[in-house]
């Protein structure tokens, strides 16, 4: 397995971590029940360039349709805040402390779950806009290239994204396994040569 770990100063292994801004800042702003099929800007960094590939048209960038009462609750959540930061009279009867939580632009995001568009489920409220994450934003945060095709309705697509091992993480695990096996194979060859 790769050595190292995550820290705010360092990153995953030896690379600095990516922030929410790194992942989605080239996507257009959309509001609750909004959608867009054109990128807001050219790629702002290597990650966005890699995620876009040769795609010219933006897909899957549609946001959840939140009702007026949910929009009111979301509007009260400050940057980086959660359900604990909104007035008690607006809180549901039961909840977890990390629900109705707003992401921060310049921090990594938590693990994406299948409910990344549902503010009552996890930390998934857009850092500035009053809505849960769009399907494309969730896919970007999980490391799926923009050209990857998800099948089914929105809920099914979010399930595929949230339940997946992020492709970038899978690649790193595969690379580490390959390196470990290659090292072991080389050791075995050296040991068999010594026995001859």
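Residue numbers (this note's numbering): 2 to 197. Just so you know, even glycine gets a beta-carbon here, dropped at the ideal spot from N, CA and C. Note that this is a predicted model, so its numbers are computed, not measured.
Legend entry - Burial state of residue 84 (16 or more Cβ within 10 Å): Taking the chain shown and counting its residues from 1, one reaches residue 84 at position 83. Under this definition residue 84 is a buried residue.
Legend entry - Endpoints, alpha helix (DSSP H) assigned at residue 22: Locating residue 22 in the chain shown gives position 21, where the first residue counts as 1. Start and end: 21–25.
Legend entry - Length of the line joining the Cα atoms of residue 73 and residue 185: For the purposes of this step, residue 73 is taken as residue 72 along the chain shown, with counting starting at 1. For the purposes of this step, residue 185 is taken as residue 184 along the chain shown, with counting starting at 1. Taking the straight line from one Cα to the other gives about 58 Å.
Inset, instruction - Put residue 165 into one of helix, strand or coil per three-state DSSP. - result: As a working mapping, residue 165 is identified with position 164 in the chain shown. Coil, per DSSP.
Inset, instruction - Under 6 Å Cβ to Cβ from residue 125, same chain only, skipping five residues before and after it: list those, please. - result: On the chain shown, residue 125 is found 124 positions in, with the first residue counted as 1. Result list for residue 125: 117, 133, 134, in chain order.
Legend entry - Contact the region 20–28 vs the region 101–109: 3+ CB pairs below 8 Å: yes
Inset, instruction - Could you spell out where the alpha helix (DSSP H) holding residue 75 opens and where it closes? - result: As a working mapping, residue 75 is identified with position 74 in the chain shown. Unbroken alpha helix (DSSP H) run through residue 75: 69–76.
Legend entry - Check whether residue 21 and residue 137 have beta carbons under 8 Å apart: For this step, residue 21 is matched to residue 20 along the chain shown. For this step, residue 137 is matched to residue 136 along the chain shown. Not in contact: residue 21 and residue 137 (Cβ atoms no closer than 8 Å).
Legend entry - Three-state class that DSSP yields for residue 87 in the structure shown: Against the chain shown, residue 87 aligns to sequence position 86. Here residue 87 sits in coil by DSSP.
Inset, instruction - Please classify residue 32: does DSSP put it in a helix, a strand, or coil? - result: Working through the chain shown from its first residue, we reach residue 32 at position 31. Three-state result, residue 32: coil.
Legend entry - 8 Å Cβ cutoff met for residue 65 and residue 95: Taking the first residue of the chain shown as position 1, residue 65 is located at position 64. Taking the first residue of the chain shown as position 1, residue 95 is located at position 94. Cβ atoms of residue 65 and residue 95: not closer than 8 Å.
Legend entry - Contacts around residue 55, its chain only, beta-carbon distance under 8 Å, and the 5 residues preceding and following it disregarded: As a first step, residue 55 is located in the chain shown; it is residue number 54 there, counting from the start. Counting only Cβ-Cβ distances below 8 Å, and skipping sequence neighbours, we find 148.
Inset, instruction - Have a look at 19, 67, 31 and flag the residue whose alpha-carbon is nearest the alpha-carbon of residue 45. - result: Numbered from its first residue, the chain shown carries residue 45 at position 44. Of 19, 67, 31, the smallest CA-CA separation from residue 45 is found for 19.
Inset, instruction - Could you pull the start and end residues of the beta strand (DSSP E) that residue 124 belongs to? - result: Here residue 124 corresponds to residue number 123 of the chain shown, with the count starting at 1. First-last of the beta strand (DSSP E) with residue 124: 124–126.
Legend entry - Buried or exposed by the 16-neighbour rule on C-beta atoms within 10 Å, applied to residue 182: Along the chain shown, one-based indexing puts residue 182 at 181. Its Cβ having fewer than 16 others within 10 Å, residue 182 is exposed.
Legend entry - Beta-bridge pairing of residue 37 - partner residues as DSSP gives them: Residue numbering aside, residue 37 sits at position 36 when the chain shown is read from its first letter. 62, per the DSSP bridge assignment.
Inset, instruction - Check whether the Cβ atoms of residue 162 and residue 151 sit closer than 8 Å, and answer yes or no. - result: To locate residue 162, count along the chain shown from 1; it is residue 161. To locate residue 151, count along the chain shown from 1; it is residue 150. In this structure, residue 151 lies closer than 8 Å to residue 162 by Cβ.
Inset, instruction - Compute the Euclidean distance between the alpha carbons of residue 194 and residue 167, then round it to the nearest angstrom. - result: Counting from 1 along the chain shown, the entry for residue 194 is found at position 193. Counting from 1 along the chain shown, the entry for residue 167 is found at position 166. Going by the C-alpha atoms only, they are around 41 Å apart.
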